[in-house]
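So the structure is just underneath, and the comments pick up after that.
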Amino acid sequence: MSDPIRKDDKMTGDLSEGDRYFMEQRDLILQDIGQTMDSILNNLNGLNISLENFIAVGKEFESVSDLWNKFYAGISEVDDSADGEEDVSKPQSEDKEET
Numbered sequence: 005m006s007d008p009i010r011k012d013d014k015m016t017g018d019l020s021e022g023d024r025y026f027m028e029q030r031d032l033i034l035q036d037i038g039q040t041m042d043s044i045l046n047n048l049n050g051l052n053i054s055l056e057n058f059i060a061v062g063k064e065f066e067s068v069s070d071l072w073n074k075f076y077a078g079i080s081e082v083d084d085s086a087d088g089e090e091d092v093s094k095p096q097s098e099d100k101e102e103t
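So this note's numbering is basically just the index in the sequence shown, starting at one, shifted up by 4.
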């Protein structure tokens, strides 16, 4: 790794002032990009952990959700059967009132 740095040092001696400034600015920008990419990677890892926790909590409530779903399905069946019996009895009572 030290060889490329030494080559850069040798090359900077042959460069003009404008080229040296460009190389310095380029290195600063590359360092900034590297730091930003590290920050993005860390934030994505944090987001991934949060999403995994969210999914885990959702899975814990899945059995409770199924239980309530069965409860409401049973209640709606009872209501439907009660409504069906009332509908059958209503026409009969209407017939009795007409006669």
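Cβ atoms here follow ideal geometry from the backbone N, Cα and C, with glycine treated the same way.
Item: With DSSP as the reference, label L19 as helix, strand or coil.; Value: coil
Item: I59 to V68, Cα distance in whole Å?; Value: 15 angstroms
Item: Look up F65 in the DSSP assignment and say whether it is helix, strand or coil.; Value: coil
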